[in-house]
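There are 2 protein chains.
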Amino acid sequence: MRSQHIVGAFDAELQGLSRRIAAMGGMAERMVEEAATALRRGDLSLADHVIASDERLDAAQRELDETVVSLLARRQPLAGDLREIVAALRIGADLERVGDLAKNVAKRLGAVDAGERPRELQSGLDALAEAAQSQLKDVLDAYATRTADRLAPMRDRDREIDTVFTSLFGSLLEAMMNEPRTITASTHLLFCIKNFERIGDHATNIAETVFQMVTGHEMPADRPKADRTHSLSGAA
Amino acid sequence: MRSQHIVGAFDAELQGLSRRIAAMGGMAERMVEEAATALRRGDLSLADHVIASDERLDAAQRELDETVVSLLARRQPLAGDLREIVAALRIGADLERVGDLAKNVAKRLGAVDAGERPRELQSGLDALAEAAQSQLKDVLDAYATRTADRLAPMRDRDREIDTVFTSLFGSLLEAMMNEPRTITASTHLLFCIKNFERIGDHATNIAETVFQMVTGHEMPADRPKADRTHSLSGAA
Chain C
1303 MRSQHIVGAF DAELQGLSRR IAAMGGMAER MVEEAATALR RGDLSLADHV IASDERLDAA
1363 QRELDETVVS LLARRQPLAG DLREIVAALR IGADLERVGD LAKNVAKRLG AVDAGERPRE
1423 LQSGLDALAE AAQSQLKDVL DAYATRTADR LAPMRDRDRE IDTVFTSLFG SLLEAMMNEP
1483 RTITASTHLL FCIKNFERIG DHATNIAETV FQMVTGHEMP ADRPKADRTH SLSGAA
Chain E
1303 MRSQHIVGAF DAELQGLSRR IAAMGGMAER MVEEAATALR RGDLSLADHV IASDERLDAA
1363 QRELDETVVS LLARRQPLAG DLREIVAALR IGADLERVGD LAKNVAKRLG AVDAGERPRE
1423 LQSGLDALAE AAQSQLKDVL DAYATRTADR LAPMRDRDRE IDTVFTSLFG SLLEAMMNEP
1483 RTITASTHLL FCIKNFERIG DHATNIAETV FQMVTGHEMP ADRPKADRTH SLSGAA
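Chains as they are written, first to last, in our numbering: chain C, 1303 to 1538; chain E, 1303 to 1538.
Listed below in structure tokens is the structure:
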């Protein structure tokens, strides 16, 4: 991928960008994992930790953006390098959103446990959170190793996440109707599962960015999401 | 703002970027307005129109991104121009998300009207949608006229939107508890109001980007959102 021209200092700067993304990725992954754990255990202090982490991730993204702007201003990167730089900008934005979504799960915990949860849905919640985490981990590995070959199945995995989400959405709605005392907790859990589903979307965005960065062309085929128009289940 | 150097063709390219943003802004505004109207009237065919529009907005964003990458690759923009170019990239991403959110409201309409709505909340919904629309309109005007002086109050307006959202969230929860037959519609309306609230957030992001682009420094003060940690009301 990397081409001739001004090697040395410039290469070091590009590597610096990669390291920033890796660090942000690590933070985002940890936040998602901790948010899921806090939700499972009802652990408010772990939730507070996630909320506090989000500020560090936001700061890391601002620094990344500044680094990119300064790099563009000082250098005149060739096509391949430019692709890498723009990719860093995009991945950074997706990771920042992943952190926001994890924070939002953490923020809801108090509200979830102010009411009574439909406990029978916990295993479904765990499965959803784990699927999102594992997808995020795999796209970050693909970025770190600059390999595109395992990225194409990411869309299928995202569709699986959407399916799990849709099924959980229906179960929560049912729980609300059958056990009205779970309405408050279920409502907030709806937003929590939506957040995990969105984390899967951002992982897929990152997969697309990495694919383009590594191969120079777009990830093949479109992304027909399982959200049938006007469906009863949760497209949002 | 604009400085000396290679004027002419380059200036034309920068103006082209502005026109693209203006066009995308117009599309996003229309989609938000139409989504709100479709929701109010229960108009499924208008909802379908919004859903179809989103593809055009997505395509417009991809073209904008390509234009920016090609511009950066061919020119070596000076600091002020670079700020403008990076701003276009950011605003384009925010507008694309606004379109997604409007589309998501449109997609939920069928599900909302599969059940019975809590009709007494319609005026609150309208107020929220209008507040989001008006904020979007004003930041796009500020971008078009390159004026920063009316941008600082945007954060206060965003907090007002958050307050309206939080109050509606509580009312929907209440409706679900008091009138269980509205549970399905209310649940989907929760996601609709969340989407309008998020549109307000993106308008505020755009306000911050425009402020930085026009003045060269960050919009003053932080943005303490009204989403109290662990609160019962809807932080997501």
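Glycine included, every Cβ here is placed at the ideal spot set by N, Cα and C.
All figures in this text were calculated on a predicted structure; none of them were measured in a lab.
Name, please, each residue of chain E whose Cβ falls closer than 7 Å to the Cβ of residue i.
i: residue 1506(C); result: Chain E residues near residue 1506(C): none, gap ~14 Å exceeds 7 Å.
i: residue 1466(C); result: Those do not exist, as residue 1466(C) stays about 18 Å from chain E at its closest Cβ, beyond 7 Å.
i: residue 1348(C); result: Neighbours of residue 1348(C) on chain E: none; closest Cβ ~12 Å, over 7 Å.
Select from the options the residue whose C-alpha is nearest the C-alpha of residue i.
i: residue 1375(C); options: 1373(E), 1381(E), 1372(E); result: 1381(E)
i: residue 1341(C); options: 1321(C), 1429(C), 1324(C); result: 1429(C)
i: residue 1412(C); options: 1444(C), 1353(C), 1311(C); result: 1353(C)
i: residue 1435(E); options: 1311(E), 1422(E), 1456(E), 1448(E); result: 1456(E)
i: residue 1418(E); options: 1321(E), 1493(E), 1489(E); result: 1489(E)
i: residue 1513(C); options: 1426(C), 1360(C), 1432(C), 1440(C); result: 1440(C)
i: residue 1405(E); options: 1336(E), 1433(E), 1520(E), 1485(E); result: 1336(E)
i: residue 1364(E); options: 1322(E), 1344(E), 1346(E), 1377(E); result: 1322(E)
i: residue 1420(C); options: 1492(C), 1403(C), 1438(C); result: 1492(C)
i: residue 1510(E); options: 1379(E), 1393(E), 1355(E); result: 1393(E)
i: residue 1383(E); options: 1312(E), 1464(E), 1484(E), 1483(E); result: 1312(E)
i: residue 1464(E); options: 1442(E), 1503(E), 1486(E); result: 1503(E)
i: residue 1462(C); options: 1442(C), 1437(C), 1486(C), 1473(C); result: 1437(C)
i: residue 1473(C); options: 1427(C), 1355(C), 1361(C); result: 1427(C)
Starting from residue i, find everything on chain E with Cβ-Cβ shorter than 9 Å and list it in chain order.
i: residue 1523(C); result: The contacting residues do not exist; residue 1523(C) stays about 16 Å from chain E at best.
i: residue 1375(C); result: 1378, 1379, 1380, 1381, 1384
i: residue 1512(C); result: Residues of chain E passing the Cβ test: none, with the nearest at roughly 16 Å.
i: residue 1441(C); result: Those within 9 Å of residue 1441(C) in chain E number zero; the least Cβ separation is about 19 Å.
i: residue 1447(C); result: Within 9 Å Cβ-Cβ: nothing; residue 1447(C) doesn't reach chain E, min ~24 Å.
Interface residues of chain E around residue i at Cβ under 8 Å?
i: residue 1363(C); result: Going along chain E, no residue has its Cβ under 8 Å from residue 1363(C), so there is no contact; the nearest lies around 12 Å.
i: residue 1369(C); result: Result: empty, since nearest Cβ-Cβ is about 12 Å, beyond 8 Å.
i: residue 1400(C); result: The premise fails here: residue 1400(C) is roughly 14 Å from chain E at the closest Cβ pair, so nothing lies under 8 Å.
i: residue 1341(C); result: Near residue 1341(C) there are no residues of chain E at all, since even the closest Cβ is about 13 Å away, more than 8 Å.
Might you give, ordered along the chain, the residues of its own chain that have their beta carbon closer than 8 Å to the beta carbon of residue i, omitting 5 neighbours on each side?
i: residue 1319(E); result: 1366, 1369, 1370, 1373, 1386, 1387, 1390
i: residue 1525(C); result: With a pLDDT of 48 at residue 1525(C), under the threshold of 50, the modelled position of this residue cannot be trusted; read the value that follows with caution. Within the same chain, residue 1525(C) has close Cβ partners 1457, 1460, 1506.
i: residue 1358(C); result: 1329
Could you round the C-beta distance between residue i and residue j to whole angstroms and report it? I think they count as a contact, below 8 Å.
i: residue 1334(E); j: residue 1501(E); result: 6 Å
i: residue 1495(E); j: residue 1475(E); result: Actually they do not touch by this definition, with Cβ atoms about 12 Å apart.
i: residue 1454(E); j: residue 1522(E); result: 7 Å
i: residue 1485(E); j: residue 1478(C); result: 5 Å
i: residue 1467(E); j: residue 1422(E); result: Their Cβ separation, rounded to whole angstroms, is 17 Å, which puts residue 1467(E) and residue 1422(E) out of contact at 8 Å.
i: residue 1487(C); j: residue 1414(C); result: 5 Å
Please work out which residues of its chain come closer than 6 Å, Cβ to Cβ, to residue i, disregarding the five sequence neighbours upstream and downstream, and give them in chain order.
i: residue 1330(C); result: 1397, 1400, 1401
i: residue 1573(E); result: The question about residue 1573(E) has no answer, for chain E in this structure spans 1303 to 1538.
i: residue 1314(C); result: none
i: residue 1303(E); result: Here residue 1303(E) scores only 44 on pLDDT, less than 50, and its place in the model is too uncertain to base an answer on.
i: residue 1355(C); result: 1333
i: residue 1547(C); result: This structure gives no information on residue 1547(C), because the portion of chain C shown stretches from 1303 to 1538.
Short of 7 Å in beta carbon distance, which residues of its chain neighbour residue i, apart from the five on each side in sequence? Order them along the chain.
i: residue 1349(E); result: 1340, 1408, 1411
i: residue 1324(C); result: 1446
i: residue 1481(E); result: 1420
i: residue 1497(E); result: 1403, 1406, 1407
i: residue 1531(E); result: Reliability of the predicted coordinates at residue 1531(E) is poor, the pLDDT of 33 falling under 50, and the value obtained from them is presented with this limitation in mind. Answer for residue 1531(E): no residue qualifies.
What residues of chain C sit near residue i, judged by a beta carbon separation below 8 Å?
i: residue 1395(E); result: 1395
i: residue 1430(E); result: None at all; the shortest Cβ gap to chain C is about 15 Å.
For a test of your reading of the model: does the CB of residue i fall under 7 Å from any non-hydrogen atom of the ligand COA? Yes or no.
i: residue 1425(E); result: With respect to the ligand COA, the structure offers nothing, as it holds no ligand at all.
Along chain C, which residues have their Cβ under 9 Å away from the Cβ of residue i?
i: residue 1388(E); result: 1367, 1370, 1371, 1374, 1391
If the cut is a Cβ gap below 7 Å, which residues of chain C does residue i touch?
i: residue 1517(E); result: Near residue 1517(E) there are no residues of chain C at all, since even the closest Cβ is about 16 Å away, more than 7 Å.
Check your understanding: Taking the runs of the alpha helix (DSSP H) that are 4 residues or longer, which of them lie wholly in the region 1394-1441 of chain C?
Key -> Listed in chain order, nothing qualifies, since the region 1394-1441 of chain C has no complete alpha helix (DSSP H) run of 4 or more residues.
Point to revise | Interfacial residues, the region 1476-1487 of chain C to chain A, with Cβ spacing under 8 Å | key: In the structure shown, chain A does not exist; the protein chains are C and E.
Review point. Where in the region 1482-1520 of chain E do unbroken runs of the alpha helix (DSSP H), each at least 4 residues long, occur, reported from the N-terminal end onward?
Key: For the region 1482-1520 of chain E, whole alpha helix (DSSP H) runs of length 4 or above, ordered along the chain, are 1485-1517.
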